[in-house]
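As given, the protein sequences belong to chains D and X, one line each in that order. Sequence positions in the first sequence follow my numbering and run 1 to 368. Sequence positions in the second sequence follow my numbering and run 369 to 824.
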Amino acid sequence: MAQQPADTDEASEAALHALAEAGRQGACLVPVGAGIRQHPLEAWDTRPVVPWASTRFQTIRRWSVPDLTVEVDAGLPWEDLNRRLAQHGQWLPVGVPDGAPDTLGGIVSAGVNGVWTGGYLSIRDRILSMTVAVPAFGVVRVGAPVVKNVAGYNLWRLYWATRGTFGIVLTITWKLAALPRATATLTCGDSGSLTGRVWEEAGRWGASIPTVPALAALLLTIHPSGWELVGIAHGGDRAMDRLRRTLGAQVGAGPDVARPAALSDRLVWQARLPREGQRLVLEALSRWGASARAELQSGMVWGYGQQPDGASQEMAQLVARHGGTFRYWDGPWRGLRVPPAEVDMWQRLKTGMDLQGVLPGWRAEAEA
Amino acid sequence: MGVVEDLRRVVGPGFVRTDAALLDAYAQDAYTLAAIRPLAVVWPASADEVAGVVRVLAQHGVPLVARGGGTSLSGGATPVAGGVVVHLSRLNRILRVDPLAGVAEVEPGVVNTWVSRAAATVGLTYRPDPSSQQACTLGGNIAENAGGPHCLRYGVTLNHILMADVVWADGRQSRVGTLSGDAEGLDTLSLLVGSEGTLGIVTRAWVRLEPVAEASATVLAVFGTVDEASETVSDVIAGGIVPAALEMMDNLAVSAVERGQYRVGYPADLGAVLLVEVDGLSEQVEEDAARVQAIAARHGVAHLQRAASAAERTLWWANRKTAFGAMGLISRNYYVQDGVIPRSRLPEALRAIEQVGRQHTIRIANVFHAGDGNLHPLLLYDGRDAGEVERVQVAGHEVLDVCLTLGGTVSGEHGIGVEKRADLARQLTVKEMAFQRAVKDAFDPMALLNPGKIFL
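And the structure:
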């Protein structure tokens with residue numbers, strides 16, 4: 001009756017072998033996904049670092065079209081999955097904000113929230129289940145492949161944004177969405193720094209669409225020469241036609257929001273803020289002439305391009321002052337704040353799962 | 369000095385009780401098949417008092433269970449032998465409703481509907497709406513990761529808790545989560561939600577409030593057979609429609625609820641009734657409601673109706689939400705189960721559950737969240753008949769076996785508690801259970817927080 005143990009397939013065996021080998025060599029095993037955001041591996045640990053390349057495994061394991069659920073290997077790039085899902089009118093609303101072909105395991109391990117976070121929630125909330133290779137327990141399933149489950153602790157959340165610290169993600173079961181029947185797009189923009197017009201337009205669009213959420217995405221792009229605001233609505237034909245009549249929206253296929261033409265650089269960091277904090281941070285970024293994007297309904301902000309020394313750190317401090325979270329998209333955890341009351345608990349948990357410390361740890365900053 | 373005296377020093381002498389009659393009242397929650405008289409009941413009035421209580425109990429090695437409204441259906445708040453009940457009913461304030469940020473700051477003893485009512489005053493709503501929402505508290509909702517009919521589209525409690533203040537097993541306190549809705553690194557909040565009080569005690573929470581959609585429509589569809597209704601559910605989901613709620617009641621459930629206070633006037637010979645609510649832009653609502661009605665028609669619906677007024681909608685929902693209690697009108701006792709199956713397996717799941725009932729000569733009514741495959745079979749029995757009590761418990765476990773066989777899980781929203789510990793051990797492998805246990809051991813190494821729950 002128990003869930004089928006998942007440690008008999010090739011990916012599981014390879015992961016267990018890699019964990020054992022790293023343990024024998026006194027090395028640190030680091031999952032690297034597609035490797036496109038690779039920080040120098042030496043930065044991860046003082047010990048020798050062995051990469052775990054999940055891209056060898058890219059199978060769609062189980063796709064229940066009527067249930068809108070799919071189980072995939074962690075090494076499958078998100079765009080490849082969406083191309084397959086489109087055959088049956090479904091998709092996973094992720095949309096990596098620089099359009100890079102990240103793997104689904106990489107998206108989970110780095111905690112990447114994409115451009116559809118406002119309209120479709122964090123991609124984290126679409127994870128139903130995973131199989132993970134954990135040094136202390138072998139290959140185990142966390143969560144369950146159904147859309148509702150409270151049987152035990154929410155262990156799959158341990159793997160969101162924790163960069164392989166608690167195990168190697170092998171497969172992920174996602175809750176899918178139906179592709180929208182119609183799309184409408186609203187746009188405005190200007191040269192120069194952000195002005196009050198951005199917030200007026202965003203507010204006007206939101207007030208004209210009194211639903212939850214108002215839009216599938218409300219994306220602001222800022223770059224040294226100006227800004228653009230794009231609102232994308234998903235729904236049926238009649239609802240989209242109303243947006244055309246009342247707001248002048250373009251009905252039809254929208255822009256490729258995962259690849260903003262104005263931003264050619266790669267993503268460096270991601271922040272999420274409460275509404276007012278997001279506005280203040282974006283205005284600061286605009287004044288600094290930085291390149292960034294934001295999803296205004298969800299509080300997401302993404303920073304692009306190489307930045308001068310210390311700029312990212314300054315941004316992290318600014319985000320923290322406004323009640324937000326900040327994380328780099330590459331490399332090991334930096335600047336992680338753990339409340340003193342929780343340090344021992346998390347250390348016990350890490351030890352309980354990875355006694356030898358074969359997987360990466362974290363660099364915690366003491367929090368007052 | 370004894371533990372009771374030490375507790376009195378923390379919360380004041382009037383807020384620690386040990387009299388037998390009161391202890392008996394706290395011996396069980398809404399799961400009535402287990403009862404254990406606690407050593408004492410204590411009512412702290414602040415986070416610091418909760419921390420003080422936990423420290424005292426840790427010093428004495430006395431286990432505790434935190435209690436909210438006592439509405440757990442899996443025995444999540446059943447006391448521990450020799451342990452203390454920490455009742456959080458004095459932490460019952462809504463501290464702030466921030467309409468701009470869409471956040472309410474609440475204490476754990478606040479009743480679920482109080483939050484909804486406070487949010488409504490600023491045009492917002494709090495989505496999780498368990499059927500016990502008139503009595504259950506936010507602290508309990510967080511502990512059990514509570515759901516409800518309207519969680520189909522908008523998510524369960526886990527998706528609506530942004531931040532929380534917590535007292536840990538050693539009495540230390542910290543704040544977990546962030547107002548932005550994203551965890552900073554180690555996601556303690558996500559572990560805490562649904563942990564059934566076994567990892568920490570929430571003393572304050574910041575919950576997400578959302579605007580009410582411009583329009584909604586509630587469609588009632590009456591079918592001659594359960595299969596027709598089940599197939600309609602499967603096709604609605606497969607068609608990419610995400611209703612705000614999609615509920616089903618079968619004939620036996622309807623026969624009970626129609627004897628209650630909120631009568632809709634359903635035909636006596638129906639097989640099943642679906643209650644489907646869609647919301648969004650008015651044009652979208654019209655499209656979705658029309659598609660739902662067309663799907664129902666394809667499956668031979670006998671009667672279709674859209675709520676013509678707010679009063680009618682309210683009546684239909686009151687009828688649905690009082691269905692559990694209405695079982696008392698047709699049976700001396702009932703035992704509610706909670707399991708989840710893949711939504712496409714609904715027809716065969718209901719047939720298998722009917723078979724379980726026949727095998728054990730137990731009447732089973734079905735009232736459930738069909739849209740997310742979350743079944744709630746209600747097993748009717750007479751508690752005076754020991755043999756029937758035994759049969760109903762066996763049948764309950766067999767219902768969960770049906771869920772597991774179909775690729776589901778043993779709980780969708782009621783939790784494991786004391787009721788389903790053996791079922792969870794059947795669902796998970798030995799290694800997976802050890803993994804769950806490792807989390808408990810890391811957060812509560814002395815096993816003082818609600819021991820005897822989740823794990824055998």
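The beta carbon of each residue, even a glycine, is placed where N, CA and C say it ideally should be.
Item: Buried or exposed (CB count within 10 angstroms, at least 16 for buried), methionine 814/X; Value: exposed
Item: Glycine 380/X versus glutamate 373/X: straight-line alpha-carbon distance, rounded; Value: 10 Å
Item: Within-8 Å CB hit, valine 30/D to chain X; Value: no
Item: Continuous alpha helix (DSSP H) stretch holding methionine 130/D: start and end; Value: No alpha helix (DSSP H) contains methionine 130/D, which is instead part of the beta strand (DSSP E) from 127-134.
Item: CB contact below 8 Å: proline 5/D versus chain X; Value: Interpretation of proline 5/D is limited by its pLDDT of 47, a score under 50 that renders its predicted location unreliable; no figure is taken from the coordinates.
Item: Interface residues of chain X facing alanine 18/D [CB-CB closer than 7 Å]; Value: Neighbours of alanine 18/D on chain X: none; closest Cβ ~18 Å, over 7 Å.
Item: Proline 340/D: first and last residue of the uninterrupted alpha helix (DSSP H) it sits in; Value: 340-353
Item: Histidine 765/X in three-state terms, based on DSSP; Value: helix
Item: CB contact flag (valine 524/X, alanine 511/X, <8 Å); Value: no
Item: Arginine 293/D - DSSP class collapsed to helix/strand/coil; Value: strand
Item: Residues bridged to asparagine 701/X (per DSSP); Value: Tyr749/X
Item: Cβ distance (whole Å) where alanine 419/X is taken to contact valine 535/X below 8 Å; Value: 5 Å
Item: Proximal residues of chain X, C-beta to C-beta of leucine 349/D below 8 Å; Value: Ala806, Val807, Ala810, Phe811
Item: Contact set between arginine 543/X and chain D, taken where Cβ atoms lie within less than 9 Å; Value: Pro339
Item: Alanine 472/X versus arginine 576/X: straight-line alpha-carbon distance, rounded; Value: 7 Å
Item: Proline 496/X classed as buried or exposed, judged by whether at least 16 other C-beta atoms fall within 10 angstroms; Value: buried
Item: Reference leucine 432/X; option with closest CA among Leu772/X, Asp538/X, Ala657/X, Val452/X; Value: Val452/X
Item: Short-range partners of chain D found in the segment 695-712 of chain X, where Cβ spacing is below 8 Å; Value: Val708, Ile709, Pro710, Arg711, Ser712
Item: Contacts around valine 371/X, its chain only, beta-carbon distance under 8 Å, and the 5 residues preceding and following it disregarded; Value: Leu407, Ala408, Val424, Leu425, His428, Val430, Val452
Item: Same chain only: Cβ atoms within 7 Å of valine 257/D, ignoring 5 sequence neighbours per side; Value: Gly95, Val115, Ala217, Leu219, Val230, Ile232
Item: Residue closest to lysine 350/D, alpha-carbon to alpha-carbon, out of Arg572/X, Phe811/X, Ala640/X; Value: Phe811/X
Item: Bridge partners - isoleucine 209/D, DSSP secondary structure assignment; Value: Bridge partners of isoleucine 209/D: none, in fact.
Item: Residues bridged to phenylalanine 326/D (per DSSP); Value: Ala271/D
Item: Proximity test, Cβ basis, 8 Å: glutamate 512/X and chain D; Value: yes
Item: Proximal residues of chain X, C-beta to C-beta of arginine 238/D below 8 Å; Value: Glu651, Gln652, Glu654, Glu655
Item: C-beta contact flag for valine 410/X and valine 478/X at 8 Å; Value: no
Item: Segment limits, alpha helix (DSSP H) that includes asparagine 527/X; Value: Note, asparagine 527/X: premise wrong, no alpha helix (DSSP H); not H, not E.
Item: For valine 134/D and glutamine 661/X, the rounded distance between their alpha carbons; Value: 48 Å
Item: Beta carbon of glutamate 582/X nearer than 8 Å to that of proline 210/D; Value: yes
Item: Best match in Ala341/D, Asn154/D, Ala214/D, Pro340/D for proximity to glycine 562/X [C-alpha to C-alpha]; Value: Asn154/D
Item: Within 8 Å of chain X by C-beta, residues of the segment 63-79 of chain D in sequence order; Value: Ser64, Val65, Pro66, Asp67, Leu68, Thr69
Item: Rounded separation between leucine 16/D and proline 93/D - CA only; Value: 31 Å
Item: As assigned by DSSP and simplified to three states, the class of histidine 428/X; Value: helix
Item: is_contact[alanine 861/X, chain D] using C-beta, thresh 8 Å; Value: Chain X is shown from 369 up to 824; residue 861/X falls before or after that span and cannot be answered.
Item: Short CB-CB distance (under 8 Å) between leucine 816/X and chain D; Value: no
Item: Span separating the alpha-carbon of glycine 89/D from that of glutamine 502/X; Value: 40 Å
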